[in-house]
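Just below is one structure, and these are the notes that go with it.
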């Protein structure tokens, strides 16, 4: 498992060995599936519809 700053309600997207998901605080997180650690955390973004 991995920690995010807020609850995640989005469906995960897997691309090139990483899983991407969005959280309630407007951030997008990327986690490396091979080493099971955080790869990236975006700045806050506006809501995507």
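Residue numbers (the working numbering): 1411 to 1459. C-beta: ideal position from N, C-alpha, C; glycine also.
Which residues in the same chain as residue i place their Cβ atom closer than 8 Å to its Cβ, once the five residues preceding and following it in sequence are excluded?
i	result
residue 1444	1427
residue 1429	1422, 1423, 1440, 1441 and 1443
In chain order, what residues of the same chain have a beta carbon less than 6 Å from the beta carbon of residue i, not counting five sequence neighbours either side?
i	result
residue 1432	1420 and 1438
residue 1418	1431 and 1433
If you run the structure through DSSP and keep just helix, strand and coil, what is residue i?
i	result
residue 1418	strand
residue 1443	coil
residue 1427	coil
residue 1432	strand
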